[in-house]
Amino acid sequence: MKFFSYTALILFFLLGGCKKNTEKADDGSPINGSTVNLALPCVYFTDLAKVSASQASPVIMDKLISMIDATPSNAAIYLSIFGFDHSGVISALKKASERGVTLHIMIDMSVEDTKAQNPPTIRTINGFIKTGSEVVVVTNDVNTSSINHNKFVLFSELNTDKGKVPNVVFQTSHNFTVDDSKKIQDAVTMSHEGLYNAYVTYWNDIKAKASSGMKDFYYKEYTNDSDGITAFFFPKRRNGTSYGDDTVIEILNNITEPSTATIRVGMSDWVVSRINVANKLSDLVTAGARVEVVVKDKIDAEVQAVLRDMQSRGAFIKIYNISRTNIHSKFLLIEGKYKGQQSTIVATGSHNYTTNALRNNNETLLMLRNSSLYANYVSYYNEMKKLPGIN
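If you read the sequence shown in the working numbering, its first letter stands for residue 8, the second for the next number, and so on.
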């Protein structure tokens with residue numbers, strides 16, 4: 008009898024422990040979230056074979072969902088997005104809310120496109136968020152076409168296959184829609200306390216001016232030279248007016264030996280009011296730089312003319328037919344002497360080569376110097392170059 012009592016007692020504690028480890032949230036998901044496979048820093052790209060066949064490539068959205076699922080209770084998620092109707096992401100956020108994750112959701116409602124697309128998402132999220140969480144609707148009032156064009160998610164902590172990781176930044180070109188998964192897209196993920204805090208500050212800056220007053224937004228940059236990280240937080244305005252020079256020109260001006268440099272551009276939108284960037288690339292070709300550009304035929308004709316002239320002088324130019332292949336990435340790759348030192352540069356994010364992106368929109372451009380991700384971008388870019396273009 009005594010043996011039975013001890014055995015029963017041991018079983019009681021064992022079963023109690025098992026119950027605690029499998030505790031569920033209201034929706035049946037694990038209370039502390041799942042685990043995500045991440046080797047930080049990392050970059051994800053949509054599948055070119057699927058994109059060129061006008062098929063959806065869920066790589067980036069699937070990874071984002073797995074990260075939301077791996078956010079433990081009592082952690083926080085900050086999200087800022089232009090277009091958002093992806094049911095899988097919405098469902099993951101609901102599960103996160105149920106297990107106690109604090110959600111800070113920022114969604115654009117500045118122009119007709121997002122006024123048509125985003126309200127159902129806003130209503131759904133407002134229906135499940137809990138006390139302490141928030142949905143911030145952004146109306147950018149700099150001009151009639153200015154928007155919150157950001158596409159980033161911040162995680163205060165994640166459960167990864169290598170343990171808990173704090174201060175994770177997920178920066179992408181990808182709107183949270185299935186349609187965007189049919190385009191060339193990229194997404195950088197990294198853990199860095201200073202960068203994470205800079206993004207959170209930016210998120211709160213926009214929140215403070217979300218309903219109106221973006222005209223008075225104060226442009227900021229975050230730089231950590233030792234880690235090779237710079238983040239540019241747009242619009243580039245101070246004291247109610249445009250401020251400073253073109254950021255992309257400033258980056259290109261830091262190439263100190265053009266004749267030994269390679270510059271690669273993968274760009275979604277490019278308008279004549281930013282033809283200065285095309286002209287700068289043309290000057291670099293003249294100076295002996297190797298320049299490669301992949302764009303789509305939606306870009307302005309004047310910009311295309313500069314690119315074709317560069318092509319006649321040795322630059323590689325690929326212009327996709329947008330009805331067949333759509334690039335939505337916005338990245339710049341540089342290899343060569345940068346500020347006098349041999350370097351590699353990856354500059355990516357939501358920033359198109361448009362005046363709105365520079366002067367009016369909420370945008371982020373993340374620049375990484377000597378990052379291990381550079382090789383991943385070059386490899387992907389070389390595959391992009393193989394896709395058919397227009398004559």
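For each residue, glycine too, the CB sits at the ideal point set by N, CA and C.
Whether residue i touches residue j by CB criterion (7 Å)
| i | j | result |
| --- | --- | --- |
| Val300 | Ile324 | yes |
| Thr351 | Asn377 | yes |
| Met374 | Ser188 | no |
| Val96 | Ile72 | yes |
| Ser153 | Asn359 | no |
| Thr184 | Asp276 | no |
| Ser198 | Asn231 | no |
| Thr263 | Lys344 | yes |
| Lys243 | Leu365 | yes |
| Asp186 | Ser336 | no |
| Asn155 | Asp115 | yes |
| Val278 | Thr361 | yes |
| Ile75 | Ala103 | yes |
| Ser218 | Thr146 | yes |
| Tyr250 | Tyr229 | no |
| Met221 | Asp120 | no |
Presumed contact (8 Å Cβ cut-off) between residue i and residue j, rounded CB distance
| i | j | result |
| --- | --- | --- |
| Tyr203 | Leu161 | 6 Å |
| Asn369 | Ile213 | 6 Å |
| Ser59 | Leu394 | 5 Å |
| Lys57 | Ala63 | 7 Å |
Cβ-based neighbour list, residue i, same chain, cut-off 8 Å, excluding 5 preceding and 5 following
| i | result |
| --- | --- |
| Ile258 | Leu339, Ile341, Ile352, Ala354 and Met374 |
| Ile334 | Lys190, Ile191, Gly273, Met274, Ser275, Val301, Val302, Lys303, Tyr327 and Met391 |
| Gln318 | Ile324 |
| Asn398 | none |
Contacting residues, own chain, Cβ-Cβ under 7 Å from residue i (five flanking each side not counted)
| i | result |
| --- | --- |
| Pro265 | Leu291, Ala294, Gly295 and Ala296 |
| Lys158 | Ile88, Phe89, Thr179, Ser180, His181, Asn182 and Ser357 |
| Val207 | Tyr85 and Leu161 |
| Lys26 | A caution first: Lys26 carries a pLDDT of 33, below 50, which makes its placement in the model too unreliable to give a value. |
| Leu100 | Ile75, Leu110 and Ile132 |
Buried/exposed call for residue i, threshold 16 Cβ in 10 Å
| i | result |
| --- | --- |
| Gly40 | buried |
| Phe19 | Reliability fails at Phe19, whose pLDDT of 35 lies under 50, so the model's placement of it is uncertain and no value is given. |
| Ile306 | buried |
| Gln416 | Nothing in the structure corresponds to residue 416, since the chain is present only between 8 and 398. |
| Arg271 | buried |
| Lys122 | exposed |
| Thr248 | exposed |
| Arg315 | exposed |
| Thr138 | exposed |
| Arg320 | exposed |
| Ser233 | exposed |
Same chain, Cβ closer than 6 Å to residue i, neighbours up to 5 away in sequence not counted
| i | result |
| --- | --- |
| Ala285 | Val310 and Val313 |
| Ala400 | In the structure displayed, the chain extends from 8 to 398; residue 400 sits before or after that span and is not available. |
| Asp168 | Thr42 and Asn44 |
| Pro65 | Ser188 |
In chain order, which continuous runs of the beta strand (DSSP E) of length 3 or greater are located wholly inside the stretch 52 to 88? Scanning the stretch 52 to 88 for uninterrupted beta strand (DSSP E) segments of 3 residues or longer gives 83 to 88, listed from N- to C-terminal end.
Those runs of the alpha helix (DSSP H) which lie wholly inside the stretch 296 to 383 and span at least 4 residues: Counting only runs of 4 or more, we get 308 to 319.
Taking only runs of the alpha helix (DSSP H) that begin and end inside the stretch 144 to 219, which ones reach a length of at least 4 residues, in chain order? Runs of the alpha helix (DSSP H) lying entirely within the stretch 144 to 219 and spanning at least 4 residues, in chain order: 200 to 215.
Runs of 3 residues minimum, wholly inside the stretch 225 to 278: which ones carry the beta strand (DSSP E) assignment? Restricting attention to beta strand (DSSP E) runs no shorter than 3 residues, the stretch 225 to 278 encloses them at 227 to 231, 236 to 241 and 269 to 274, ordered along the chain.
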